[in-house]
Amino acid sequence: MTSILPATDTASDLVATPGTSLLEVDGLSIDVARGAGSLRLVDGVSFRLDAGQTLGIVGESGSGKSVTAMSLMRLLPAQLRIAAGTVRFDGRDLSTLSEPALRKVRGNDIGVVFQDPQNSLNPAYSIGNQMVETLRAHSDLSRKDALAKSIALLDRVGIHRAAARVNDYPHQLSGGMAQRVMIALAISLGPKLLIADEPTTALDVTVQAQILGLLRSLQAETGMSLLIISHDLSVIAETADQVAVMYGGQIVERGDVVEVLTAPTHPYTEALLAAQPESTVKGMPLATIEGIVPNADAMPAGCRFNPRCAYALDICRVTAPALVEVEGRPDTSVRCVRHTELTLRGVSTAQIDAALQADPAAIDAAGRPVLLDAEGLSRIYDLRSGRLGRKTSFHAVDDVSFVLHEGETLGVVGESGAGKSTVGRMVLGLTPTSSGVVRFDGNDIATQRGDAKRATRRDIQVVFQNPYASLDSTMTIGESVAEPLEVHHRGSKSERTARVAELLQQVGLDPSVAGRRPHELSGGQRQRVAIARGLALNPRLIVCDEPVSALDVSTQAQVINLLRDLQRQFGIAYLFVGHDLSVVYQMSDRIAVMYHGRIVEMGPAEEIYHSPKHPYTVALLAAVLSIDPRHRRLASTATEAPGEPSATGCAYANRCPHVMDRCRTEVPAPIAVDAVTVRCHLFDAVVDS
Amino acid sequence: MIRVIVKRLLATIPLMFLITIGTFALAQTIQGNPAQAIAGDSATAEQLAKVNKELHLSDPAPVRYVRWLSDVLHGNFGKSVATHRAVSSEIARRFPVTLSLAIASLILMFVIGIPLGIIQGMRPGSKLDKLLLGGVSFGLAAPNFLLATVFVYVLSVRNHLLPSMTYVGFTKSPLEWAKHMIMPAFSIALVGGAEMARQLRTGLVGVAQEDYIRAAKARGLHPARITIKHALKNAAMPALTIIGVRVGYLLAGSVIIEQIFQLHGLGEYVLQAIQNKDFIVVQTVVLVLAGIVVMTSLVVDIAYAFLNPKVRLA
Amino acid sequence: MTDTIRPDGIDPQAAPTEVVTLPPPRPAWHTTWRRFRRQKVAMAAAIVIVIITLAGIFAGTLAPHGIDEMTSEFMATFSKQHWLGTDNTGFDLYSRLLFGIRTSLYASLLAVVLALVGGTLLGLLSGYMGGWVDTVLMRCTDAIMALPGLLMAMAVVGVLGHSVTHAMIGLSVAFMPGFARLVRGQVLAVKGESFVEAARVIGASPPRIIRKHILPNIASPLIVQAFVSVGFALLAEGALAYIGLSVQPGEASLGSLLQQGFNLINQTPRLMLVPGVVIVLLSLSFNAVADGIRDALANKERVADVGAQA
């Protein structure tokens, strides 16, 4: 294969043979201006990255990982500045290099891929324009040659019909496509190092797998080094050779990815691994990390992790530990005074297998009364398109039917645009149905009026995805939680105050929180408040619309445990909407998988998770990343960007490996196969025979 | 793009219709007793009745509105109640003056606003930015009639540097035209220019925080290129949309400025008409002024659509 | 709750979090005020407004001469008896200035309050109802915006008679579309927020949602816009008075003083400069305070975001 990519230029530089360091960061500290003084966001970070290797930096929000990555090429916002340390890249210190010299490094020697691909491309210019501009800024290519090279690059990153798409504007691209373009831009000049800052966080699961595969294949082809920043341990486990775990602005543990993840030496690493839903047998509570990530202006004294650490001693509250080499493991460094005496648990294949093979007793839903019955739900939006404004319609939700029993959890899983949230909104009455019926307790919600309607309103509550937007910032926490009681005229003012305190305690918050305002609380705490408000009227059903996807993994585990405890305690049914299959699996008794507005497969959670039938469910499961670096699931191959959902027949037809002629014309009807219902022509034969 | 323009054009039809209702109502309110005004204070009841009949003043308002609308659509603007001169010929005579003033003000607005906005937006928080911010605040707070008066007093009356109180057509002598226009136009344009500078500065400061600017920087593009190519186009879009609104204020401002500089434009015409209770002139001139505003915002919207691929390719 | 086994002995219920470490709660406006106070220019402007407003309110007590009290001195310059001199009819300029400030401030506040109330109602209706109501209302505001605002004021004066109040009613109509559009945009943004949807799920009625959730959340940009508008209204009143369409003869407003000064400009610039400086200073101050509030509020949100990172 003749490569269009210049392999990393090994001849001209003395370094860049495997095993020699390309990037060496030493004692890097970053301050943010605050009033007259400043606050330290990143404190003494040191690491090295060898040529051709991949380093993963992992940490929760506020750990300082992205700021660290952005500081390497001095791309920090104006209020932030490098306060100390050196960034040696290819023999030069980037932290002191002159701007013009640094400009030659940017793009040319180091490429960057950002978290939010759609906003990282200028909306006012076509992608070709921006690619040509970049190429010509660092080389003397003619416009024509630069365009030809841009098209070749787009083709290389898997963009179909690149010659036509080069004229597209950013808003015409999907998130996955935009990230492919960003990657093409970042590698266009053959950089020695590619920095990827949360490159897949904004993307769907299946797209995430493709993008990570693409990055790995490009690395294999060019020999460039890769620095991947992620909050998601599995992204690091799948891609990195080395890993640095950051907490509170410091690296707490650093070393070979297999060693660190299988035999961690820092309690935070252990806790982070344990909080992964994959590590837990379904039905067992997830391990959590108490408390929240500390803020830069309130760093605990001593070890920064001590208030949340299960192993903290008195000395940990006083002495700040240094990052030291672990005895007998020259590759690993750790920042913990107790690391020699503690034996910590890491990723264990046996545990994950046990978690996978466990057959937890699902509740016997069939015996319980039906609470919610949705039949043939559709939501159709009229769109106008084309020059003459021809009317077309878009089915956000298309013929969706399901039942939900009392005290049961039905998980609805799918990627963005699948219509899963719309289903939840239709049940809540927030989005009107175009056709179909939602029956609650046997009564059609749409026709209810007056008292009956108010009763239903009380019985169905909601917890939204974004804990920052779901509480009114002009109200105190107490006012927010009391609002449902007030609206339904429950109790006197003092009775309501007492009830609010009780509710806050039920969700694990101190009742004194009532006097606070939302911005004083962390994301997880706010989500608890939202749950308390949902509980106020003793509902029988709570629609959880991606309730944990905006939270850090440790907080996510807390909220999942809370929701499950409340269900056991009060017998509430959940309609749990999510995009993360392992989270939905943990929560649900039954799962409905949605693709492009339709439920393509629905059945008991175990069936769906362990023996998926629909090709889309299979693909969704295959895209789930492993947290065990010894057993990676991801292929390091570049795949072409998947086709758009098909407008006729089965929507999955353009992506399906088993596609048949009838799939493109005939919409498959739901078929019962074993315990599940599946919409796929592959199973027509099973039923016929 | 064509669809966007057609859609926008179609939307102006109901808008213009609403505006005719508005101007008609506006003119009705100042009508007073026009028959009396026309026929004079000593007019007999018969004379009044005659005038009323001629102008159909005793018909109900909706009937008169429909008649007026149909007249306007046929290009018949009627005669001034006070002077009996055809409104259309008077408008034709005065229109160039107001148009000159509007165009000169718009040009000055750009000349003031764009460089100031860019200079400030490129280095927000700098000494120069703070200094210019002070100037911009003054521009927003200084009343145009006060500025105009100070100009006349300082530059014309005291120092005889610039002519005032007359108008020279552009076609006659562009230089003289400019000399005569600069004071009135500047008086009107300062507020708009200040607002434009402010909008552009805010736009540039906002755009500077966008991911795509950081991404452009990460690709090693030159800072000047980033500002001029990547930031300015996106920052200019909101600044552009205020022009449509500004033209309305600009024309309103011309009413007073024409008075001060004794320019015989539409503003002066409408002011006289209001004082004379000359409702026919008022409704027609207001309609013309509103029409100019609507046309400007139409042009601005189309320019916006052209700049913004999201709209252009919709 | 106790029958489940928890690995690592961590129980979310047993972790009532670290609320104890939070600073004591403060009312919401407190932060805004603190941030506002730190801005020197805005603070200075606020003090200027307070002083000038007090001077206007107590004009009756502070003024050494009555509003239409002719003294024996004509066109006197600055002196001990007449701090700012007198005009050609012997009026004491300092006294007339105080009364003029009162009239002008009353007038601009009236125009802005009317526009604020009317515009907010229209904007709420438009934004919350949507559909054809929204379309019709927005077309109407477009139409009003196309009509010169001064003419609107002139028309109202024409029909209701010569007075400041009438002129300001007319002016408020011209300001209304601005408020209506602002409110509508804000309502549309807030309406889609999860907390409003959560209130709908609870069963809160639209009036309650508007009162409890939408209005408090759109208040800040409205306040900023109101301050900016007072500045503009001062200038507009000045313009109307300047062409003789605001106050009655015998009364005084900053605009009418300017107009009288303009007529005598060839004799002395003093009569024009004094009210001119006051009107510019006031208008400048209202704009500066508006900027200060905007920055104080923006800062608050930014801090909230940083806090949210933790």
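Protein chains in written order, with our numbering: chain A, 1 to 689; chain B, 1 to 314; chain C, 1 to 310. All C-beta atoms in this analysis are idealised placements derived from N, C-alpha and C, irrespective of residue type, glycine included.
**Study point:** Coil, strand or helix - B/Thr171 by DSSP
**Key:** Numbered from 1 along the second sequence, position 171 holds the residue referred to as residue 171 of chain B. Coil, per DSSP.
Point to revise | Of the residues C/Ala239, C/Gly261, C/Ile202 and C/Ala241, the one placed nearest A/Pro539, counting alpha carbons only | key: For the purposes of this step, residue 539 of chain A is taken as residue 539 along the first sequence, with counting starting at 1. The shortest Cα separation from A/Pro539 among C/Ala239, C/Gly261, C/Ile202 and C/Ala241 belongs to C/Ile202.
Check your understanding: How would you call A/Pro668, buried or exposed, if buried means at least 16 neighbouring beta carbons within 10 angstroms?
Key -> Here residue 668 of chain A is taken as the residue at index 668 of the first sequence, counted from 1. With 16 or more Cβ atoms within 10 Å of its Cβ, A/Pro668 is classed as buried.
Review point. Which one of B/Gln275, B/Glu258, B/Val97 and B/Val63 has the shortest CA to CA distance from B/Thr171?
Key: The sequence position of residue 171 of chain B within the second sequence is 171, counting from 1. For B/Thr171, the closest C-alpha among the options B/Gln275, B/Glu258, B/Val97 and B/Val63 is that of B/Val97.
Exercise for review: In the DSSP assignment, find the alpha helix (DSSP H) that holds C/Thr141 and state where it starts and stops.
Suggested key: Translated into positions along the third sequence, residue 141 of chain C becomes position 141. Run containing C/Thr141: Gly131 to Ala146, per the alpha helix (DSSP H) assignment.
Point to revise | Interface flag, B/Lys217 vs chain A, CB-CB below 8 Å | key: What you label residue 217 of chain B is simply residue 217 of the second sequence in a count that begins at 1. Closer than 8 Å: yes.
Review point. How would you call A/Ile292, buried or exposed, if buried means at least 16 neighbouring beta carbons within 10 angstroms?
Key: If you number the first sequence from 1, residue 292 of chain A lands on position 292. With 16 or more other Cβ atoms within 10 Å, it is buried.
Check your understanding: Considering only the beta carbon of each residue, do B/Ala290 and B/Thr12 sit closer than 8 Å?
Key -> For this step, residue 290 of chain B is matched to residue 290 along the second sequence. For this step, residue 12 of chain B is matched to residue 12 along the second sequence. Their beta carbons are not under 8 Å apart, which means B/Ala290 does not touch B/Thr12 by this criterion.
Check your understanding: According to the Cβ coordinates, are C/Ile101 and C/Ala63 closer than 8 Å?
Key -> Along the third sequence, read from residue 1 onward, the residue named residue 101 of chain C stands at position 101. Along the third sequence, read from residue 1 onward, the residue named residue 63 of chain C stands at position 63. Cβ distance not < 8 Å, so C/Ile101 and C/Ala63 don't count as in contact.
Practice item. State the start and end residues of the unbroken alpha helix (DSSP H) segment that holds B/Arg67. Key: Your numbering for residue 67 of chain B matches position 67 in the second sequence. Here the alpha helix (DSSP H) through B/Arg67 covers Ala61 to Leu73.
Review point. From A/Gln558 to A/Gln505, what distance separates their C-alpha atoms?
Key: Along the first sequence, one-based indexing puts residue 558 of chain A at 558. Along the first sequence, one-based indexing puts residue 505 of chain A at 505. Roughly 15 Å between the two C-alpha positions.
**Study point:** Residue nearest to A/Arg81 in terms of C-alpha spacing, selected from A/Ala33, A/Asp116 and A/Ile228
**Key:** Stepping through the first sequence from its first residue, residue 81 of chain A is reached at position 81. The candidate whose alpha carbon is nearest that of A/Arg81 is A/Ala33.
Exercise for review: Ignore the nearest five residues each way along the sequence and tell me which others in A/Asp684's own chain have a CB closer than 6 Å to its CB.
Suggested key: In the first sequence, the residue the question calls residue 684 of chain A occupies position 684. Excluding positions up to five away in sequence, the list is empty.
Practice item. On a CA-only basis, which of A/Asp145, A/Leu227 and A/Ser38 is nearest A/Asp50? Give me that one, please. Key: As a first step, residue 50 of chain A is located in the first sequence; it is residue number 50 there, counting from the start. Taking only the C-alpha atoms, the option nearest A/Asp50 is A/Leu227.
Exercise for review: Report, in whole angstroms, the separation of the C-beta atoms of A/His231 and A/Gly346, which I expect to be a contact under 8 Å.
Suggested key: Locating residue 231 of chain A in the first sequence gives position 231, where the first residue counts as 1. Locating residue 346 of chain A in the first sequence gives position 346, where the first residue counts as 1. The pair is not a contact, with the Cβ atoms about 19 Å apart (cut-off 8 Å).
Check your understanding: When DSSP labels each residue in this structure, what does A/Tyr595 get in the three-state scheme?
Key -> Here residue 595 of chain A corresponds to residue number 595 of the first sequence, with the count starting at 1. It is a strand residue.
Check your understanding: For B/Gln209, which of helix, strand or coil comes out of DSSP?
Key -> One-based indexing of the second sequence puts residue 209 of chain B at position 209. In the structure shown, B/Gln209 sits in coil (DSSP, three-state: anything other than H, G, I, E or B).
Exercise for review: Spell out whether any CB of chain A is found under 8 Å from the CB atom of C/Phe36.
Suggested key: Stepping through the third sequence from its first residue, residue 36 of chain C is reached at position 36. With 8 Å as the cut-off, C/Phe36 does not count as an interface residue toward chain A.
Check your understanding: For chain B, is any of its Cβ atoms less than 8 Å away from the one on C/Ala252?
Key -> The residue you call residue 252 of chain C lines up with position 252 of the third sequence. So, not an interface residue.
Review point. So, are the CB atoms of A/Leu272 and A/Leu212 less than 8 Å apart?
Key: Counted from its first residue, the first sequence places residue 272 of chain A at position 272. Counted from its first residue, the first sequence places residue 212 of chain A at position 212. Cβ distance not < 8 Å, so A/Leu272 and A/Leu212 don't count as in contact.
Review point. Leaving out five residues before and five after C/Ala111 in sequence, what residues of the same chain have Cβ atoms less than 7 Å from its Cβ?
Key: Numbered from 1 along the third sequence, position 111 holds the residue referred to as residue 111 of chain C. Closer than 7 Å at the Cβ level, and outside the excluded window around C/Ala111, lie Met168, Leu171, Ser172, Phe175 and Ala233.
Exercise for review: Could you tell me which uninterrupted beta strand (DSSP E) segments, each at least 3 residues in length, are contained entirely in the region 630–684 of chain A, listed from first to last along the chain?
Suggested key: 671–673 and 676–678
**Study point:** Any chain C beta carbon closer than 8 Å to B/Ser137
**Key:** The residue you call residue 137 of chain B lines up with position 137 of the second sequence. Taking Cβ atoms only, chain C reaches closer than 8 Å to B/Ser137, which makes this a yes.
Exercise for review: Give the range of the alpha helix (DSSP H) segment to which B/Pro124 is assigned.
Suggested key: By one-based count along the second sequence, residue 124 of chain B stands at place 124. Premise fails: B/Pro124 is in no alpha helix (DSSP H) and is neither H nor E.
Review point. Would you report the Cα separation of A/Arg387 and A/Ile30, rounded to the nearest angstrom?
Key: Looking up residue 387 of chain A in the first sequence gives position 387. Looking up residue 30 of chain A in the first sequence gives position 30. Any answer about A/Arg387 is weak, because its pLDDT of 47 lies below 50 and its placement is not dependable; what the coordinates show is given next. A/Arg387 and A/Ile30: Cα-Cα distance of roughly 52 Å.
Point to revise | B/Val205 at chain C interface by Cβ criterion, 8 Å | key: Counting from 1 along the second sequence, the entry for residue 205 of chain B is found at position 205. So no, B/Val205 is outside the interface.
Review point. With DSSP run on the structure shown, which of helix, strand or coil describes A/Ile228?
Key: On the first sequence, residue 228 of chain A is found 228 positions in, with the first residue counted as 1. Correct three-state label for A/Ile228: strand.
Point to revise | Entirely enclosed alpha helix (DSSP H) segments - the region 95–147 of chain A, minimum 4 residues | key: 99–105 and 127–138
Check your understanding: What's the gap between the Cα of C/Phe227 and the Cα of C/Ala288?
Key -> On the third sequence, residue 227 of chain C is found 227 positions in, with the first residue counted as 1. On the third sequence, residue 288 of chain C is found 288 positions in, with the first residue counted as 1. For C/Phe227 and C/Ala288, the distance between alpha carbons rounds to 9 Å.
**Study point:** Beta carbon proximity, B/Pro316 to chain A, threshold 8 Å
**Key:** Because chain B is modelled from 1 through 314, residue 316 of chain B falls outside the range shown and cannot be assessed.
Exercise for review: Give a yes or no on contact between the region 399–407 of chain A and the region 592–612 of chain A, applying the rule of three or more CB pairs nearer than 8 Å.
Suggested key: yes
Practice item. Using a Cβ-Cβ cut-off of 8 Å, state whether A/Lys104 counts as contacting chain B. Key: Mapped onto the first sequence, residue 104 of chain A falls at position 104. With 8 Å as the cut-off, A/Lys104 counts as an interface residue toward chain B.
**Study point:** the region 197–217 of chain A touching the region 239–248 of chain B, judged by at least three CB pairs closer than 8 Å
**Key:** no
Check your understanding: Just reading off the alpha helix (DSSP H) that C/Gln39 is part of, what are its end residues?
Key -> For the purposes of this step, residue 39 of chain C is taken as residue 39 along the third sequence, with counting starting at 1. It is not in any alpha helix (DSSP H) - C/Gln39 carries neither H nor E in the DSSP assignment.
**Study point:** Residues near C/Gly123 by beta carbon distance below 6 Å, same chain, minus five either side
**Key:** Within the third sequence, the letter at position 123 stands for residue 123 of chain C. The residues are Ala180, Val183 and Arg184.
Check your understanding: In chain order, what residues of the same chain lie with their CB nearer than 8 Å to the CB of A/Gly35, ignoring the 5 residues before and after it?
Key -> Indexing the first sequence from 1 puts residue 35 of chain A at position 35. So the list is empty, once near-sequence residues are dropped.
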